[in-house]
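One structure is given here, and the rest of the page talks about it.
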Amino acid sequence: MLKDVTLGRYYPIESPLHELDPRTKMVAILIYIVTTFLASTPITCALTFLVLCLLIHLSKVPVRYMVKGLRAVVIIVVITDLINIFFVENGLWKAFIVTLRMIEIVLGSNILSLTTKPKTMAAGIEKGLGWMKRLHVPVHDFATMISIAFRFLPILTQEADKVMEAQKARGADFESGNLLRRAKALMPILIPLFVSAFRRADELALAMDSRLYGSGEPTSLHPLKYNTSDGVSYLLAFAYLALVIVLKVVHV
Amino acid sequence: MPLIEVDNVTFSYPAKDGGVNALTGLNLKVEAGSFVTVLGSNGSGKSTLGKLLNALLVPQSGRVVVDGLCSSDKANVYEIRKRVGIVFQNPDNQIVADTVEDDVAFGPENIGLALDQMKVRIADSLASTGISDLALTKPEKLSGGQKQRVAIAGVMALEPKCIVLDESTSMLDPKGRTEVLGAIQKLRMEKGIAVILITHYMEEAVDADYVYVLDKGSVALEGTPSEVFSDADTLEALGLELPPAVKVWQMLRAKGVVVSVPVLTEEDLVSALSKLMRQKGGASC
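In order, the protein sequence lines correspond to chains A and B. Residue 179 is where the first sequence starts when you use the numbering used here, and the numbers rise one by one after that. Residue 153 is where the second sequence starts when you use the numbering used here, and the numbers rise one by one after that.
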């Protein structure tokens, strides 16, 4: 039941996008998302969509796999579309733009998570926000927290399944009744899960302490380094942003 | 001077109603490169002892000295942890990273080792625990025995002088146990690392140089394995069960069958019995 948790699913193949530095990808995707909000004319919309297709192609991730990520937003999109179409002036076009924007944002961020390992992403955030260390922000701790969260996600989902089965075996009923009743029925799952998560956290903290976590300025097994392709990508990303802004200003 | 010296240590966990002492006046010594087993049933204080050995806990009275460094001095904490590593019970709760290689790198990364040195250490510790081929594997794809060997490799990457195994085999199947104990013996032979095995399985004590049996937070019995095992009554009173081979040997002795050599393992028992049979056979002919 909890098997389709899609968070942080990395698609392990080789592609130009997989090779890029996580910082480059994060900045580029951020720029892309900004442009989807700027796009409001047929030409700019076509342009953003074209760029999305190009990125998907470059990532070499199968389109079908990529589109799976859209299932989560279908309901939101349908509801906003209906509201737009029936209650807003020029609603059809607005609905179209909102739908496109939604698809582009979801797929854009999917491209990032499908082509970047959680650990690399955490390293990218750590290095990218390195300047905050001078303000005594514990950037390394945050990065460690993120990668540990990803590490324990499958373990905790497995455990939730186990607890659920154990409670079912004792006659717990998760499937009938109204929403409130069903939400209440989840309590006997959440409490054991929380208790166990805290116990795990406690043990993990001891194991980390005994392996000298926080003893000094840490180094990394995979130090991040910009390559030529990163430079080119930054250039392209900013050129694209400039183009969209120009098109927006001249109302094309 | 011994590598580790636990001198008259008392420790109690903070509790609202004062709490009971987990350890009371405990004394223990571990020589460099030796194999020491600490036995004890649940609640005997053996896990607390493990955490005291690498300064995860600090004694309320008495002292723990590792390689000349006293753990009560805060400045020594990290140096002690570099010298004494711990492998805990639950394999899932001590793997930090999402590949084997990254997890082994966790310790070296934390002490700020340079990249080339780090790579050498990772390759070394993976090879010495026999998991070089798993370097890029995800932890959830590993068996229990493999996960514990990853944890051992992670500790080895810090090049400690002593490894503490705190019930590290108790959640494993027999195959996993053999794997882990084999890896530990190999490390001891090849790298001369002292091993402290904390366990409630008596049969894991048979190869030890020295055995401590804990009860209610202090040493109830100590000596070489054959010395400790010969005191069956005390062990039984402490809730520990002798290995089957030793049990058979003691029953034979009680029946008046003379088996003079001390028996610790099944091999010992078989050779002692066949020797006895040959003697008896010779007499009757």
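Beta carbons: idealized from backbone N, C-alpha and C, even for Gly.
Check the Cβ-Cβ distances between residue i and every residue of chain A, and say whether any is below 8 Å.
i        : result
B:Phe258 : yes
B:Ile263 : yes
B:Arg340 : no
B:Met308 : no
B:Met323 : no
B:Asn228 : no
B:Ile350 : no
B:Leu114 : Outside the displayed span of chain B (153 to 437) sits residue 114 of chain B, for which this structure offers no information.
B:Val248 : yes
B:Ile238 : yes
B:Asp244 : yes
B:Asp254 : yes
Are the C-beta of residue i and some C-beta of chain B separated by less than 8 Å?
i        : result
A:Tyr391 : yes
A:Thr406 : no
A:Glu381 : yes
A:Glu395 : yes
A:Thr184 : With a pLDDT of only 48 at A:Thr184, under 50, the local geometry of the prediction cannot be trusted, and no value is derived from it.
A:Glu197 : no
A:Pro190 : no
A:Met386 : yes
A:Leu414 : no
A:Pro401 : yes
A:Pro296 : yes
A:Arg378 : yes
A:Ser398 : yes
Evaluate residue i with the Cβ neighbour count: other Cβ atoms within 10 Å of its Cβ, from every protein chain shown; 16 or more gives buried, anything less gives exposed.
i        : result
A:Thr184 : Low local confidence applies: a pLDDT of 48 at A:Thr184 is under 50, so the model's placement there is unreliable, and no value is given.
A:Pro220 : exposed
B:Gln300 : buried
B:Tyr165 : exposed
B:Gly344 : exposed
B:Gly391 : exposed
B:Cys314 : buried
A:Arg249 : exposed
B:Pro312 : buried
B:Gln212 : exposed
B:Phe187 : buried
A:Lys181 : In this prediction, A:Lys181 has a pLDDT of 47, which is less than 50 and means its spatial position is unreliable; nothing more can be read from the coordinates.
B:Tyr362 : buried
B:Leu349 : buried
A:Trp309 : exposed
A:Lys297 : buried
B:Phe381 : buried
Consult DSSP for residue i and reduce its assignment to one of helix, strand or coil.
i        : result
B:Tyr364 : strand
B:Phe240 : coil
B:Asn160 : strand
A:Leu334 : helix
B:Asp318 : strand
A:Thr397 : coil
A:Phe352 : coil
B:Val248 : coil
B:Leu387 : helix
B:Val217 : strand
B:Val190 : strand
Tell me where the beta strand (DSSP E) around residue i begins and ends.
i        : result
B:Val210 : Premise fails: B:Val210 is in no beta strand (DSSP E) and is neither H nor E.
B:Ile350 : Ala346 to Thr351
B:Leu180 : Asn173 to Val182
Would you mind reading off the limits of the alpha helix (DSSP H) that contains residue i?
i        : result
A:Thr226 : Pro220 to Ser237
B:Ala372 : No alpha helix (DSSP H) holds B:Ala372; the beta strand (DSSP E) holding it covers Ser370 to Gly375.
B:Asp255 : Val252 to Asn262
A:Leu278 : Gly269 to Thr293
B:Leu155 : Neither: B:Leu155 is in no alpha helix (DSSP H) and is coded neither H nor E.
B:Asp359 : Where B:Asp359 is concerned, there is no enclosing alpha helix (DSSP H), given that its DSSP letter is neither H nor E.
B:Arg340 : Pro326 to Lys343
A:Asp259 : Val252 to Phe265
A:Trp309 : Neither: A:Trp309 is in no alpha helix (DSSP H) and is coded neither H nor E.
Taking Cβ positions only, does residue i come closer than 8 Å to chain D?
i        : result
B:Ile156 : In the displayed structure, chain D is absent; the protein chains listed are A and B.
**Request:** Can you give me, in chain order, the residues of the segment 164-195 of chain B that have a beta carbon less than 7 Å from any beta carbon in chain A?
**Result:** Within the segment 164-195 of chain B, not one residue has a Cβ closer than 7 Å to any Cβ of chain A.
**Asked** Quick one, which residues of the segment 204-236 of chain B are near chain A if we go by CB-CB under 9 Å, in chain order?
**Response** In summary, the residues of the segment 204-236 of chain B whose CB is separated from some CB of chain A by less than 9 Å are Asn206, Ala207, Leu208, Val229, Tyr230, Arg233, Lys234 and Val236, in the order they occur in the chain.
**Asked** Taking any Cβ of chain A, which residues in the segment 271-296 of chain B have a Cβ under 7 Å from it, in chain order?
**Response** If the cut-off is 7 Å between Cβ atoms, the segment 271-296 of chain B has Glu292 near chain A.
**Prompt:** Along the segment 298-332 of chain A, what residues have a CB closer than 9 Å to any CB found in chain B?
**Reply:** From the segment 298-332 of chain A, only Thr322, Ser325, Ile326, Phe328, Arg329, Phe330 and Pro332 have a Cβ closer than 9 Å to chain B.
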